[in-house]
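First the structure, in the form of structure tokens, and then the observations on it.
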Amino acid sequence: MLDANNTIPLYLQLKELIKNAIILKEYKNGEQLPTEPELCSQYNVSRITVRKAVEELCKEGFLVKKQGKGTFVKQRKLQRKMEHLLSFTQACANNGMTPSTSVLKREIVRLEERTAEEFGMEPDLEMVMIQRLRKADGTPVMLENNYYPRERFGFLLEERMEGSLYQLLEEKYGIVIESSRDTYLDVGKADAQQARILEVGCGEPLFCMQTKIYDRENALVHIGREYIVCERYRFGLVDYYRSGNNE
Numbered sequence: 014m015l016d017a018n019n020t021i022p023l024y025l026q027l028k029e030l031i032k033n034a035i036i037l038k039e040y041k042n043g044e045q046l047p048t049e050p051e052l053c054s055q056y057n058v059s060r061i062t063v064r065k066a067v068e069e070l071c072k073e074g075f076l077v078k079k080q081g082k083g084t085f086v087k088q089r090k091l092q093r094k095m096e097h098l099l100s101f102t103q104a105c106a107n108n109g110m111t112p113s114t115s116v117l118k119r120e121i122v123r124l125e126e127r128t129a130e131e132f133g134m135e136p137d138l139e140m141v142m143i144q145r146l147r148k149a150d151g152t153p154v155m156l157e158n159n160y161y162p163r164e165r166f167g168f169l170l171e172e173r174m175e176g177s178l179y180q181l182l183e184e185k186y187g188i189v190i191e192s193s194r195d196t197y198l199d200v201g202k203a204d205a206q207q208a209r210i211l212e213v214g215c216g217e218p219l220f221c222m223q224t225k226i227y228d229r230e231n232a233l234v235h236i237g238r239e240y241i242v243c244e245r246y247r248f249g250l251v252d253y254y255r256s257g258n259n260e
């Protein structure tokens, strides 16, 4: 608790208490902080003390004020280099976050003409379509729609897919992911269904990534689209060095 006899000002003591609560996840990502009166009552301090502590935490990036709504724990962004083969599970591990996955759809479909054209494939091919929701620390981050050639990957209709798919393919089936190709990143807006699943507002900005994934035998593993909440995700470009040129 706060110590009025301590040489450290009360607002700084309060700031550290709230910061530690955020770090220890007592206040979770995106959670609303108690109101000023509630914090005053909880810690037996004045509004000025609470206000200064909150302002300091906003400056340090732990909290964010939303006009007319209140003060919230600032969402941590899952950071990932622009290397599509880095799995979601590994990206979470790199950021000290806990991944979780829910399978929302698992069905056999025929590749629609528009989708086939976008990915440079023949239309009407039978594919195993699997839609998964990926979360980091319990917060929805990505809606993943992947299409696998049915002839080779029909077994995925029966597999548990709540962890790393690439790890499953390698360890159980000896299919090692080797490359991603024709990968594009666009920005769109969440439609009503995406907004509901990702727990964001309709029209919220989303990264839209589409790609083709191949194994070591140069065989197609899947084509896919990922819809990623911009507010909760950050891409970094892979460092580039132009060797042998000192200009």
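Add 13 to the 1-based position in the sequence shown for my numbering, that's all there is to it.
By construction, the Cβ of each residue, glycine as well, lies at the ideal position given by its N, Cα and C atoms.
Practice task
Please list, in chain order, all residues of the same chain as residue 199 whose beta carbon is under 6 Å from its beta carbon, the five residues on each side excluded.
Solution key: 221
Practice task
Could you please give the first and the last residue of the uninterrupted alpha helix (DSSP H) stretch that includes residue 40?
Solution key: Run containing residue 40: none; DSSP gives neither H nor E here.
Handout entry: Cβ-based burial, residue 189 [other Cβ within 10 Å; buried from 16]
Key = exposed
Exercise for the section: From the DSSP output, in three-state form, read off residue 54 for me. Expected result: helix
Practice task
Just the C-alpha distance for residue 148 and residue 72, rounded to the nearest angstrom, thanks.
Solution key: 27 Å
Handout entry: beta strand (DSSP E) segment containing residue 221, residue limits
Key = 218-228
Practice task
Counting only the same chain and skipping the five closest in sequence on each side, list residues whose C-beta sits under 7 Å from that of residue 56.
Solution key: 15, 27
Handout entry: Identified DSSP bridge partners for residue 119
Key = 143
Practice task
Could you tell me the distance, in whole angstroms, from the CA atom of residue 247 to the CA atom of residue 219?
Solution key: 11 Å
Problem - Meets three-Cβ-pair contact criterion under 8 Å: the region 132-140 and the region 178-188 - result: no
Exercise for the section: On the DSSP bridge assignment, give the partners of residue 155 in chain order. Expected result: 147, 241
Problem - Residues near residue 125 in its chain [Cβ-Cβ closer than 8 Å; skip 5 each side] - result: 136
Exercise for the section: Using beta-carbon positions only, say whether residue 241 and residue 155 come within less than 8 Å of one another. Expected result: yes
Handout entry: Rounded straight-line distance, which links the Cα of residue 114 to that of residue 212
Key = 15 Å
Problem - Boundaries of the beta strand (DSSP E) in which residue 197 is found, first to last residue - result: 190-202
Practice task
Would you check whether the ligand FMN has a heavy atom nearer than 7 Å to the C-beta of residue 190?
Solution key: In the structure shown, the ligand FMN is absent, as is every other ligand, since no ligand is present at all.
Handout entry: Cβ separation of residue 76 and residue 67, assumed to be a contact under 8 Å, to the nearest whole Å
Key = 6 Å
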